[in-house]
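Residue numbers (this note's numbering), protein chains in the order written: chain A, 1058 to 1537; chain B, 5 to 341.
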């Protein structure tokens, strides 16, 4: 330095430093600041790692994951060892940045109160600790039912009803052009729905946030019909059906249906075909519980099951056109198959393909006097709800619902009311209830019912008790 | 060749060797690195040049229309109050860290007290309405907005007070920034010229002429600073810096280093800092938002046009240590949840 002060000056071969009063003051202050810094560090960490966000708080859905966001990236093992619930739950941890999510293996019990406890001592990657025990509680709400209404008019919009108080149902979409169909997110907080575009005649997938009421358009299907959103169980990806109209190509009609994916983990959401080979067609996607497999129906090959981990496609021949029911573990698929017997009504019976052993077996026999159609796996994989119509003395015009054992095909009757046709049904997350779309085909005195409108009912599978949720409504789905 | 000149040459050669080694060490194509360097240099320079222009225009206007008497009249007599006032002068002269340097230098020549000028120099890049608005847009009315302004005021006033009680202009400023003195003596006897205020048109013409001269004079510091900042950004991986650590102490140091290297203008740095939320401590983000506007590579070079070299070193070290201390203290003692 060669300024007035702090001068390095060589005098007689020796470098010397001359300090002015100002230099000495500044150096003293620098020394004090360093001392202050050392003292601050020595006094230790009085804050530690903090919890930026915890969820759910106070109220939860039966499928809600328990999520904690920390103030910094954490040592995963130290957190997982200190995070527990009362009553205890078995489940799996997953991490995203500084957030941990715990997904119980079984859905949370509605009406139950859970306490989440994070013991002190969980460490961050940098060695900071959670300095005190954190506890928070939440209670689990009863699942709700979402449906479209009115069935006999337009536009169709989505309604939400509590199964305890169906009278207090609320309309959650107000589309002037109508909602075609929809899917409720696994955590019950969002609904993806297909809405008609009055100008183009196409449909787009939109996302409704049930907490805020905000709607986000996810697709831009200007020349395509994008419908039937199906959520991957982790809530990050949606599969949907897409049909290109090809209006810009002369003498080319609408293309066949394909399955596309919407990735919600990117912002904005991105979409792409499920298969990069656009010759692989299909519709009716269904996810396995772990999201590793997806099934769809292909007119040429039957059922296709794609494994995201191995990139392998397994084909199961089927002529019914029904996408079938993929088991929660993704290892089996049940589907109806048609049989033609000369001089008799065409029948369908259920078959089950074991994707591990590549074995096919019949769950009901083509010789049985039954007509089996839709099947739906109970969430724990222990049973199937099946739409069955008997063709013998137990004959009914419409389908009834039976509970089928997937091991031996034995059944228990769940509904037995010849006045009603049971068209669609779905298991509640806990597997203790079924929501059923029923159509009153006959009046109480057994006459055809021209004034009938579809109705939504919920059945307690244990007691077989049925509760009417909505009249003149259709397309019911559970909203956990 | 004198020993000093020889040492400069050796230092220059050493630096060139380090740069070449660093370029080769990246394993990337030299042409690609040069392209990145050029883009970054232009990015920094083009962002800062308009603010420097604004600052030199303000400086010219001060030279034409503000007299030493005005300064003497406006400034509080109490040095502490005057220093405090310096922290809020940014609301009267809303300039960022590039523009503030010529303004301060001009104000010094008009007799602005040293402590007030230093406080203004450090505080104005943050304590002005533009940065207030951009920080509000990025972070909302929360602890970051409040913390940024409070910490900046504390550090700027703190450093200003050091200069108020211990600094003498002739020990601190370069001659070009000193107030004219009677007879050219270095024993300062300020020359309060009682020149009449210039007519408007003549004053504006003079202001623009001086702004042009000063723009090119200060511009060389800006160009050199931008070159250095671009070189550092190109050769020092930000990913490496970010991966270095996120603890309560290291995170503050890392963010200070980032702020110094990136040399982002204070009007937009809040949006950059937003990207660190969630992965860096609040104390370190506040250090980024307070230390960066006070001192970065390009402003450090520009300080050399106003202050003596060792003073520039102090103007780096004092804010560095103060923001470090405050950032670490916040991390270890305040919970924002």
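We put the CB at the ideal spot given by N, CA and C, even for glycine.
| Item | Value |
| --- | --- |
| Would you mind reading off the limits of the alpha helix (DSSP H) that contains residue 177(B)? | Counting along the chain, residue 177(B) falls outside any alpha helix (DSSP H), and DSSP gives it neither H nor E. |
| Going along chain A, which residues have a C-beta under 9 Å from residue 285(B)? | 1128 and 1129 |
| In three-state DSSP terms, what is residue 195(B)? | Bear in mind that the predicted position of residue 195(B) carries a pLDDT of just 44, short of 50, making it unreliable; the figure below should be weighed with that in mind. If DSSP states are grouped into helix, strand and coil, residue 195(B) belongs with coil. |
| Check the Cβ of residue 1102(A) against every Cβ in chain B and list those closer than 9 Å, keeping chain order. | 252, 335, 336 and 337 |
| Anything in the stretch 1165-1193 of chain A with a Cβ closer than 9 Å to a Cβ of chain B? List those residues in chain order, please. | 1181, 1182, 1183, 1184 and 1185 |
| Quick check on this structure: which residue in 1297(A), 1291(A) and 1288(A) has the alpha carbon closest to the alpha carbon of residue 1282(A)? | 1297(A) |
| Alpha carbon to alpha carbon, how far is residue 1090(A) from residue 310(B)? | 26 Å |
| Closer than 9 Å, Cβ to any Cβ of chain B: which residues of the stretch 1103-1117 of chain A, in chain order? | 1103, 1104, 1105, 1107, 1108, 1109 and 1110 |
| With residue 1203(A) and residue 1534(A) assumed to form a contact (beta carbons below 8 Å), what rounded beta-carbon distance in angstroms separates them? | 5 Å |
| Please list the terminal residues of the continuous beta strand (DSSP E) segment that includes residue 1494(A). | 1490-1497 |
| Are the stretch 1406-1413 of chain A and the stretch 1380-1393 of chain A touching by the rule of at least three beta carbon pairs closer than 8 Å? | yes |
| Output yes or no for whether 8 Å exceeds the beta carbon distance between residue 121(B) and residue 111(B). | yes |
| Based on Cα-Cα distance, which residue from 1490(A), 1228(A) and 1509(A) lies nearest to residue 1523(A)? | 1490(A) |
| Is there at least one Cβ from chain A nearer than 8 Å to residue 110(B)'s Cβ? | no |
| Does residue 1295(A) get closer than 8 Å to chain B when you measure Cβ to Cβ? | no |
| For the stretch 1435-1446 of chain A against the stretch 1463-1479 of chain A, do three or more pairs of beta-carbon atoms, one drawn from each stretch, fall closer than 8 Å, so that the two count as touching? | yes |
| Report yes or no: is there a C-beta of chain B within less than 8 Å of the C-beta of residue 1322(A)? | no |
| On a CA-only basis, which of 59(B), 92(B) and 151(B) is nearest residue 124(B)? Give me that one, please. | 92(B) |
| Does any residue of chain A bring its CB to less than 8 Å from the CB of residue 343(B)? | Given a span of 5 to 341 for chain B in the structure shown, any question on residue 343(B) remains unanswerable. |
| Are the CB atoms of residue 323(B) and residue 298(B) nearer to each other than 8 Å? | yes |
| What is the DSSP secondary structure of residue 1036(A), counted as helix, strand or coil? | Residue 1036(A) lies beyond the stretch modelled for chain A, which goes from 1058 to 1537, so this question has no answer here. |
| Take the Cβ of residue 1470(A) as the centre, count every other Cβ of all protein chains shown within 10 Å, and call the residue buried at 16 or more, exposed below. | exposed |
| What residues of chain A sit near residue 332(B), judged by a beta carbon separation below 8 Å? | 1094, 1097 and 1098 |
| If we cut at 8 Å on Cβ distances, does residue 79(B) have a partner in chain A? | no |
| If you draw a straight line from the alpha carbon of residue 1159(A) to that of residue 38(B), how long is it in whole angstroms? | 48 Å |
| Could you list the residues in the stretch 164-177 of chain B with a C-beta less than 9 Å from some C-beta on chain A, going in chain order? | 166, 167, 169, 170, 171, 172, 174, 175 and 176 |
| For residue 322(B), return the contacting residues in chain A, with the cut-off set at a CB-CB distance below 9 Å. | 1083, 1086, 1087 and 1090 |
| Residues of chain B with CB closer than 8 Å to the CB of residue 1077(A), please, in chain order. | 175 |
| Residue 301(B) and residue 236(B) look like a contact to me (Cβ under 8 Å); what is the Cβ gap, rounded to whole Å? | 7 Å |
| Measuring alpha carbon to alpha carbon, tell me which of 1151(A), 1145(A) and 1124(A) ends up nearest residue 1133(A). | 1151(A) |
| Taking DSSP as the reference, what is the three-state secondary structure of residue 237(B)? | helix |
| Does DSSP put residue 169(B) in a helix, a strand or coil? | helix |
| With 16 other CB atoms within 10 Å as the buried threshold, where does residue 1340(A) fall? | buried |
| If we count the other Cβ atoms within 10 Å of its Cβ and call it buried at 16 or more, is residue 1404(A) buried or exposed? | buried |
| Could you say if the stretch 264-278 of chain B and the stretch 1204-1211 of chain A meet the contact criterion of at least three C-beta pairs nearer than 8 Å? | no |
| Check whether the stretch 58-72 of chain B and the stretch 217-224 of chain B are in contact - that is, three or more C-beta pairs closer than 8 Å. | yes |
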